[in-house]
Amino acid sequence: MIHSRINSRHRYGSFLRRRRIAVISALCAVFLLFSLSPLSVSAAPSTETGGDYAAQAEARKELPVQSNEWENWPAGPALGAEAAILMDADTGAILYEKNIHEKLYPASITKILTALIVMERCPLDEMVTYSYEAVNSIDWQTDSNIAIKAGEQITVEQSLYGLLVGSANEVATALAEHVSGSVEAFAELMNERARELGCVDSHFANANGIFDENHYTSAYDMAQIAKAFFSNDLLCKISGTATYTIPRSATVSQELFISSKNKLLPGKEYAYEYLVGSKTGYTSEARQTLVSCAQKDGMKLICVILKEESPAQFTDTVELFNYGFSSFRMVNVADADDRYTVGDELFFESDADLFGSFSPLLSISPSDHIVLPNTAEYEDTVSTLSYDELEEEDEAAEITFTYNGIYVGSAAVKVTGGQSDGDSGSSQRPGSADPSQHRIYINVRHVLIGVISVYLLLNFLIWLITLIRNYSFSSQRKDRRRRRRHYSKEAIDYDRYARQDSEDY
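With mature numbering (1 follows the signal peptide of the UniProt record, and there is no 0) as the guide, the letters of the sequence shown map in order to residues -43 to -1, 1 to 462.
In structure tokens:
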């Protein structure tokens, strides 16, 4: 009995020891888990703080800037963007380039192409109906929108404000359906228009830039699209607007207030005084993207930032604009050039007045310019003349300029016949309704000089011919006289001989 109790106590003690060991082991495991968990969190990307993204952006500042390798070219800034470009909007000359042909996701800067196509194809007062599919194709909690309801209608112009100011995804879809009937058909139109604008690295799959693996572009391509976009005054105005209100109407049940998140706009944190217009973009895959245009002292620049972290997309843009405006200048080709100037020794000119100044029949377009570093001179450029693929009918040739092998602009050699120096510089194409385009004006001074020259030449020829003829006639008269004298002498001798002979008989 006593032995049985001892065994029971022994088994119970063993159970307690095993239980204590299990509890201690569990506590050790919990302690070890909590002690290791901070290491694993710090190693993983943080979507809330963006710590790892910021580190990646900082590392991207070490990536090479291709334009900094160009001979005698101003050194541009180191940016955290994966790709960036600064381009002169008028000439297409690239002033700064970093990975400009790398294919990246554009996010909502896609909408500048959408807006451009809509502007080119639709009247502003045309009504756009917002279908159930367009309104419900987005995530209302996360996607940008203007809170319009299915079945409601607003104009194309109001829709463009919703698209560019509010970056509304349902607006982009509704506009795509309005233009092409479906998003898929509109995407085909986007790709076609992109090729026409000179894009070489892009493929678009939707109208709003929502992530799609087959929806990508490059900094170079977005600059080409932006060049066309910012050539339209209304699109410049809309993309430079901070807030806009669509009033309640018979087709809209409530007032729609639209506000931009673009911090470059007036009144915002990074407002840029020379800004013409701008469009932001963001998805978790694309990161921050930004397309902007600024103008100062006549120079109009386009900047594209791809794959950057906020708010550096704004500071990068301001830094690039300041770099461009401070390091480069515009040079008017017509004023600076003496290699392709058509001299005024031509007989036919294009008229200004009878005896005063006049412009040549062929001349360099007075509005064309090139962009050069401040340290370069016009004489440092190399130019080539081309007669192919001329853009305007009144162009006779195009002059392309390079500086140390880098394209810096071009100028058109135009036919200016019938256009006086007092004209504004615009000219109608041949074949238009203006009959003056078919006239050739003659400079009277040159005509008079020509007439007098011909008159003097004719008088000289007449004098010469008369002189030659007089000389010839004088010689002939002398010969006749000699012959007459000779014949008279023979006749006298014969008569004398005949009389003498008769006397002999």
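Just so it is clear, CB atoms sit at the ideal spot from N, CA and C, and this is done for glycine as well. Please read all numbers here as calculations on a predicted model, not as lab measurements.
By Cβ distance, which residues of its chain are closer than 7 Å to residue 100, with the 5 residues on each side in sequence left out?
-> 126
State the CB to CB distance for the pair residue 354 and residue 340, rounded to an integer number of angstroms; the pair is presumed to be in contact (CB under 8 Å).
-> Their Cβ separation, rounded to whole angstroms, is 11 Å, which puts residue 354 and residue 340 out of contact at 8 Å.
Three CB pairs or more closer than 8 Å across the stretch 72 to 87 and the stretch 100 to 115 = Contact between the stretch 72 to 87 and the stretch 100 to 115 is present, because at least three Cβ pairs lie under 8 Å.
Note the first and the last residue of the continuous beta strand (DSSP E) segment covering residue 214.
-> 213 to 216
The stretch 195 to 208 in contact with the stretch 12 to 28 per 3-pair CB rule at 8 Å = no
For residue 212 and residue 246, the rounded distance between their alpha carbons = 30 Å
From the DSSP output, read off the bridge partner residues of residue 360.
-> 363
Which of helix, strand or coil DSSP assigns to residue 280 = helix
In terms of residue numbering, what span does the alpha helix (DSSP H) encompassing residue 184 cover?
-> Residues 176 to 186.
With DSSP as the reference, label residue 290 as helix, strand or coil.
-> helix
For residue 426, count neighbouring Cβ atoms within 10 angstroms of its own Cβ and tell me buried if that reaches 16, exposed if not.
-> exposed
Residue 406 versus residue 296 - alpha carbon distance | 28 Å
Would you identify the three-state DSSP class for residue 407, choosing helix, strand or coil?
-> helix
May I ask you to report which of helix, strand or coil DSSP gives residue 96?
-> Coil at residue 96, not helix or strand.
Proximal residues to residue 226 (C-beta, below 8 Å), its chain only, five neighbours per side dropped | The answer, listed in chain order, is 220, 268 and 271.
May I have the straight-line CA-CA distance separating residue 51 from residue 40, to the nearest angstrom?
-> The alpha-carbon separation between residue 51 and residue 40 amounts to approximately 14 Å.
Nearest-angstrom Cα separation, counted from residue 57 out to residue 139 = 31 Å
Going by Cα to Cα distance, which pick from 292, 168, 29 and 117 is closest to residue 96?
-> 168
Helix, strand or coil: which one does DSSP assign to residue 338?
-> coil
The stretch 235 to 250 / the stretch 53 to 70 touching (three or more Cβ pairs under 8 Å) = yes
If you drop the 5 nearest sequence neighbours on each side, which residues of the same chain put their C-beta closer than 8 Å to that of residue 123?
-> 101, 102, 103, 201, 215, 216 and 217
Sorted by chain position, which residues of the same chain lie with C-beta nearer than 6 Å to residue 54's C-beta, five sequence neighbours on each side aside?
-> 23, 24 and 42
Hey, could you find the ends of the alpha helix (DSSP H) residue 159 is sitting in?
-> Looking at the DSSP string, residue 159 is not in any alpha helix (DSSP H), and its letter there is neither H nor E.
Should residue 417 go down as buried or exposed, given a rule of 16 or more other Cβ atoms within 10 Å for buried?
-> exposed
So who's on the other strand from residue 285, going by DSSP bridges?
-> 330
Taking the CB atoms as reference points, tell me whether residue 261 and residue 109 lie closer together than 8 Å.
-> no
Can you list, in chain order, the stretches of the alpha helix (DSSP H) that have 4 or more residues and sit fully within the stretch 79 to 132?
-> Listed in chain order, the complete alpha helix (DSSP H) runs (minimum 4 residues) inside the stretch 79 to 132 are 89 to 92 and 113 to 121.
Taking residue 205 as the reference, give the member of 345, 368, 106 and 359 with the closest Cα.
-> 106
N-terminal and C-terminal residue of the alpha helix (DSSP H) that residue 196 is part of = 190 to 196
Contact set for residue 161: own chain, Cβ-Cβ below 8 Å, skip 5 residues either direction | 67, 70, 144, 147, 148, 151, 172 and 174
Leaving out five residues on either side along the sequence, give the residues of the same chain with a beta carbon under 6 Å from the beta carbon of residue 243.
-> 62 and 64
Express the C-alpha separation of residue 178 and residue 273 in angstroms, rounding to a whole number.
-> 19 Å
Close beta carbons around residue 291, own chain, < 6 Å, minus the five adjacent residues each side = 321 and 323
Classification of residue 183 by the beta-carbon crowding that lies within 10 angstroms, buried from 16 upward | buried
Pull up the distance between the alpha-carbon of residue 228 and that of residue 222, whole angstroms please.
-> Residue 228 and residue 222 have their alpha carbons spaced roughly 5 Å apart.
Taking the continuous beta strand (DSSP E) assigned at residue 261, which residues delimit it?
-> 256 to 265
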